[in-house]
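Notes follow the structure.
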Amino acid sequence: MLAIPTPAHPITMMSLSAPASPIDATATSVDAPVLTPSALDAAARHVGDLLAMAIGHTPAHGALIVYDTRCALNLALTAAYRRAVPGATFVDFDAVTPEQVLAAFASMAADDLVVLIQSTSFRLEAFRIRIELFKRGLKVIEHVHLSRMPGEQGLHYIASLAYDPAYYRGVGHALKARIDGARSGVVDSGGERLVFASPFELAKLNIGDYSGMNNIGGQFPLGEVFTEARDLEAVNGRVRIFVFGDTAFMVNRPATPITLIVERGRVVGADDATPEFDNMLAIIRAHEGEVWLRELGFGMNRAFSRERLVDDIGTYERMCGIHLSLGAKHGVYQKPQFKRKDARYHVDVFAVTEAVYLDDEQVYRDGAWVV
0 MLAIPTPAHP ITMMSLSAPA SPIDATATSV DAPVLTPSAL DAAARHVGDL
50 LAMAIGHTPA HGALIVYDTR CALNLALTAA YRRAVPGATF VDFDAVTPEQ
100 VLAAFASMAA DDLVVLIQST SFRLEAFRIR IELFKRGLKV IEHVHLSRMP
150 GEQGLHYIAS LAYDPAYYRG VGHALKARID GARSGVVDSG GERLVFASPF
200 ELAKLNIGDY SGMNNIGGQF PLGEVFTEAR DLEAVNGRVR IFVFGDTAFM
250 VNRPATPITL IVERGRVVGA DDATPEFDNM LAIIRAHEGE VWLRELGFGM
300 NRAFSRERLV DDIGTYERMC GIHLSLGAKH GVYQKPQFKR KDARYHVDVF
350 AVTEAVYLDD EQVYRDGAWV V
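Each residue of the sequence shown is one higher than the one before, counting from 0 in numbering that gives the first Met the number 0.
In structure tokens:
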């Protein structure tokens, strides 16, 4: 166990020490499939693989796990980390003060590991947790909004943590190479085609390969390669979407897919739109004037599909298939027509992905990437 400096209000040993049972006592009142022995075994196995093969954590470095006990999926993941990192220090976020959490962070050295297991998202006033921890050279794993994925959804989340380095790194780097070299692309959503008549911005990877990157870790699960058109106005056509992120950052799945009509990079119409979707478009237009289509995301996580969903939109973003973003906001790619202060919205929408082409080469078919 790591030595924690004594703050003004000392952390009790109860909040730091591992319990006698593999999960906290509150789990006995929780009836959820994620707490079955098989689910806990899978979670521990996947977490162990992530730490070894993606994060590169070893017992030579310290580990701090900050968790809460507000939902069953948190309990399952905390139990998984207790098995995978038995020498780690565990801090119950709700049992200590913010100052004590900050003191625990301050005790960590560069290349140590911090894991944040959050039912919602931990808040420490102006302290931007992941960013500040990265600045200190720490490896960071964030599991967020777990309370949005109850019951069977928790099993999908656990499955999404499985790490296959040959798949993620092999397919991920191959996709990036194809994207970076392509002059155009097409998303076929079953009779509708969205055409990107432009080269793409250099693709970014979220595949558990941090070589050459400043930081190790991020928000989990893994599984995405993303880009956008260099010339946003060169995007035209129609695309059917089956899920969009609502104003509460939750998955909204209309009974019938909505067909977006895109002209010169803007959404100018939406066939079969629901009142909720129309409201979301109206909110964007009210603040940004028009609805731009920006991100082109190549999701890779095979635990999520059109049939296997989770309610948290930020987690479902890794779904194996294409997702797009509506709104002018994108923190990675800067475009001269957008001022950061005026770009307010980035709403994820998910395409019915039948086929994807880069130049004239098909890179997605039958629900899988083929590169």
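By construction, the Cβ of each residue, glycine as well, lies at the ideal position given by its N, Cα and C atoms.
Small disclaimer: the values here were computed from a predicted structure and weren't measured.
Item, Value
"By a C-beta neighbour count over all protein chains shown, 10 Å radius and 16 as the cutoff for buried, is V331 buried or exposed?", "exposed"
"Do the segment 159-166 and the segment 124-141 meet, that is, are 3 or more Cβ pairs less than 8 Å apart?", "no"
"What's the C-alpha gap between A24 and L39?", "For A24, the predicted model reports a pLDDT of 37, less than 50, meaning its position is unreliable and no value from the coordinates is stated."
"Is the beta carbon of V100 less than 8 Å from the beta carbon of V65?", "yes"
"What are the start and end residues of the beta strand (DSSP E) that includes N278?", "No beta strand (DSSP E) holds N278; the alpha helix (DSSP H) holding it covers P274 to E287."
"Compare the Cα-Cα distances from L112 to each of T258, S120, T119 and A103 and report the closest residue.", "A103"
"Can you tell me which of M249, E275 and I240 puts its alpha carbon nearest to the alpha carbon of L292?", "I240"
"Does DSSP classify T5 as helix, strand or coil?", "Residue confidence for T5 is low, a pLDDT of 29 falling below 50, so the modelled location carries little weight; the figure read from the coordinates is stated next. The answer is coil: DSSP assigns T5 none of H, G, I, E or B."
"May I have the straight-line CA-CA distance separating K203 from Y167, to the nearest angstrom?", "13 Å"
"Report the residue from T258, A196 and P198 whose alpha carbon sits nearest the alpha carbon of F410.", "Because the chain here runs from 0 to 370, residue 410 falls outside it and cannot be looked at."
"What residue from G211, A272, T88 and F219 has the CA that sits closest to V348's CA?", "A272"
"How many Å lie between H286 and K340 at the Cα?", "11 Å"
"Between M249 and the rest of its own chain, which residues show a CB-CB distance below 8 Å, the 5 nearest in sequence each way excluded?", "R147, D310, D311 and I312"
"Could you work out which residue in D270, A53 and H142 is closest to E191 when comparing CA atoms only?", "D270"
"Can you check whether the CB of L357 is closer than 8 Å to the CB of I178?", "yes"
"Thinking V238 and L193 are a contact (beta carbons under 8 Å), I'd like their distance in whole angstroms, please.", "4 Å"
"Along the beta strand (DSSP E) that carries N205, what are the first and last residues, could you check?", "K203 to N205"
"Rank T119, F219, P253 and R343 by C-alpha distance to the C-alpha of R305 and give the top, closest one.", "P253"
"So, with DSSP's three-state summary, where would you put A228?", "strand"
"Let me confirm a value: R364 is counted as buried when at least 16 other C-beta atoms fall within 10 Å, else exposed. Which label applies?", "exposed"
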